[in-house]
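Engineer:
Protein chains in written order, with our numbering: chain A, 1075 to 1245; chain B, 3 to 270.
#1: Residue ranges of each alpha helix (DSSP H) run of no fewer than 4 residues wholly in the segment 79–154 of chain B, ordered along the chain?
#2: Would residue 174 of chain B pass as an interface residue toward chain D - the criterion being a Cβ-Cβ separation below 7 Å?
#3: Starting from the beta carbon of residue 1219 of chain A, find every residue of chain B whose beta carbon is closer than 9 Å, and list them in chain order.
#4: What does DSSP give as the partner residue(s) for residue 1169 of chain A in the beta ladder?
#5: For residue 34 of chain B, go through chain A and note every residue whose CB falls closer than 9 Å to its CB, in chain order.
#6: Since residue 135 of chain B and residue 96 of chain B should fall inside the 8 Å C-beta cutoff, what is the C-beta to C-beta distance between them, to a whole number of angstroms?
#7: Pick helix, strand or coil for residue 1131 of chain A, following the three-state DSSP scheme.
#8: Buried or exposed for residue 225 of chain B, going by 16 or more other Cβ atoms inside 10 Å?
#9: Which residue or residues does DSSP assign as beta-bridge partners of residue 1145 of chain A?
#10: Could you pull the DSSP bridge partners for residue 1216 of chain A from this structure?
#11: Could you check which residue in B/174, B/11, B/87, B/190 has the C-alpha nearest to that of residue 1152 of chain A?
#12: Would you mind reading off the limits of the beta strand (DSSP E) that contains residue 31 of chain B?
#13: Mapping the DSSP letters down to three states, classify residue 1176 of chain A as helix, strand or coil.
#14: In this structure, does DSSP put residue 1188 of chain A in helix, strand or coil?
#15: Taking a cut of 8 Å between CB atoms, which residues from the segment 1185–1196 of chain A lie near chain B?
#16: Along chain A, in chain order, which residues have C-beta atoms closer than 7 Å to that of residue 28 of chain B?
#17: Shortest alpha-carbon distance to residue 129 of chain B belongs to which of B/120, B/141, B/145, B/108?
#18: Between which two residues does the beta strand (DSSP E) containing residue 1193 of chain A stretch?
#19: What do you get for residue 7 of chain B, buried or exposed, if any count of 16 or more other CB atoms within 10 angstroms of its CB means buried?
#20: Helix or strand or just coil, what does DSSP make of residue 205 of chain B?
#21: Can you give the Cα-Cα distance for residue 265 of chain B and residue 199 of chain B, rounded to whole angstroms?
#22: Which of the three DSSP states, helix, strand or coil, is assigned to residue 48 of chain B?
#23: Just to confirm my understanding: we take residue 1239 of chain A, look at its own chain, exclude 5 residues before and 5 after, and list those with CB closer than 8 Å. What are they?
#24: Select from A/1237, A/1245, A/1118 the residue whose C-alpha is nearest the C-alpha of residue 1178 of chain A.
#25: Report the rounded CA-to-CA distance for residue 191 of chain B versus residue 26 of chain B, giving the unit in angstroms.
#26: Mind checking which residues open and close the alpha helix (DSSP H) that includes residue 191 of chain B?
#27: Does the segment 163–180 of chain B come close enough to the segment 68–86 of chain B that 3 or more CB-CB pairs lie under 8 Å?
#28: Looking only at its chain, what residues have a beta carbon closer than 6 Å to the beta carbon of residue 2 of chain B, apart from the 5 residues adjacent to it on each side?
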């Protein structure tokens, strides 16, 4: 029964991806209020990878928000998304990119801009593409920022541009 | 210093992206937090789903937000019939807005999941339906309507949350209400809508409610009675504006609710 439910949810997620596809990205990019950099179109593959990774958390009772943030990192400079989080809830922010050989770093900041303690996860270095996630259980409700930056394996910022997609889940 | 431990700069905070689909918590997210804090009796919070009869597009967009939030309440209450009713009304609203072309499948899914009592899938489908309506609004160059839908869904969620918190002697769950920046941000977005969208009483009333809510929540450390009074004011204002959104005659909501419209928070 549980497997059937999970399969149903995954089918639903895929349907959502297919149905929303381009138009969802257009809406997301259209409502962006910052630099033009984040308004470039992003390959769907990054979103698929992000959702696939988030699916693992979904199996653990997390619910994935039906929306994504896709952006391009330029020379490793971080970009930030504003979110509202609730005390007592658990969150995972998952970023993914098709690019291989780079590392995405996901950081959670509180309303004042200070980094918050998170649980970090990223895929194996030799895997295809790059996937990273940050888990947080806020102690205070309110505004937070999610930062994403591109790093080389040497822990230095990437030099070229890097497309990524971020989704989040909560429970 | 490790770059991961570097605080954000003020320009970085200012330039942070605000995305309707992720920066505004869905009603489901608010209710999940509320469930953890105080386990509300959702069955008592279910309200009849009735879309307004109007040709005013701003009101229709606001109603999509309120009805979606009502759908989440019905899901939390595990009331399949009510979810179906909400689904039907959402489809009717989408039709009135001229954005129903791609939504028939969604309506059918809502019915099917409700029949199967698949509450998780229903919650996912509700958010997907709301987003699909918004996407179609964007495609049809009606992006301003999206802001209205998000604001209304959030206000309806806040109305329910304040009602639940007020029903507790110790104001249990009040942590879930603390979203002043979001209220301020949504009010600012409504303020920047084109004048044609702000004609009539409804949209200005929604904006005023968001502004009042932000001011009350920004109060740094209110104690006891003041805190309860603040929450009561938020609850009353939200109730009045939500009623006006779903009203077919669109009466002008007053800043201070009239006794007739000022409902008592439901006991949960």
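Glycine is no exception: its CB is placed at the ideal position from the N, C-alpha and C atoms.
Structural biologist: According to the structure data:
#1: If we require 4 residues or more, the alpha helix (DSSP H) runs fully inside the segment 79–154 of chain B come out as 82–99, 106–117, 121–141.
#2: Annotation note: the requested chain D is absent from the structure, which comprises protein chains A and B.
#3: By Cβ distance, chain B contributes 10, 14, 15, 18.
#4: According to DSSP, residue 1169 of chain A bridges with A/1206, A/1240.
#5: Under the 9 Å cutoff, chain A gives 1137, 1160, 1163, 1244, 1245.
#6: Indeed, because the Cβ distance is near 6 Å, the residues count as touching under 8 Å.
#7: If DSSP states are grouped into helix, strand and coil, residue 1131 of chain A belongs with the helices.
#8: Exposure of residue 225 of chain B is indicated by the presence of fewer than 16 other C-beta atoms within 10 angstroms of its C-beta.
#9: Beta-bridge pairing links residue 1145 of chain A to A/1238.
#10: Per the DSSP secondary-structure output, residue 1216 of chain A pairs in a beta bridge with A/1159.
#11: Nearest of B/174, B/11, B/87, B/190 to residue 1152 of chain A, Cα basis: B/11.
#12: Per DSSP, residue 31 of chain B belongs to no beta strand (DSSP E); it is in the alpha helix (DSSP H), 29–40.
#13: Looking at residue 1176 of chain A - three-state DSSP - the assignment turns out to be strand.
#14: Residue 1188 of chain A falls in the coil class under three-state DSSP.
#15: Hits within the stretch, in order: 1185, 1186, 1187, 1188, 1189.
#16: Within chain A, the residues near residue 28 of chain B are 1139.
#17: Of B/120, B/141, B/145, B/108, the residue nearest in Cα terms is B/108.
#18: Looking at the DSSP string, the run of the beta strand (DSSP E) that includes residue 1193 of chain A is 1193–1196.
#19: A residue is called buried when at least 16 other Cβ atoms come within 10 angstroms of its Cβ; residue 7 of chain B does not meet this threshold and is exposed.
#20: In the three-state reduction of the DSSP assignment, residue 205 of chain B falls in the helix class, which pools H, G and I.
#21: At residue 265 of chain B, the pLDDT of 44 sits below 50, so the modelled position is not reliable; the number obtained from the coordinates is stated separately. Put simply, the backbone Cα of residue 265 of chain B is about 28 Å away from that of residue 199 of chain B.
#22: When secondary structure is reduced to three states using DSSP, residue 48 of chain B falls in the coil class, being assigned neither helix nor strand.
#23: Around residue 1239 of chain A: 1116, 1120, 1121, 1123, 1124, 1142, 1143, 1144, 1169, 1170, 1171.
#24: Residue A/1237 is the option with its Cα nearest to residue 1178 of chain A.
#25: Using only the alpha carbons, I get a separation of about 12 Å.
#26: That run of the alpha helix (DSSP H) goes 182–193.
#27: Counting C-beta pairs with one atom in each stretch, the segment 68–86 of chain B and the segment 163–180 of chain B have fewer than three that are closer than 8 Å, which means they do not touch.
#28: A query on residue 2 of chain B cannot be resolved here, the shown segment of chain B reaching from 3 to 270 and no further.
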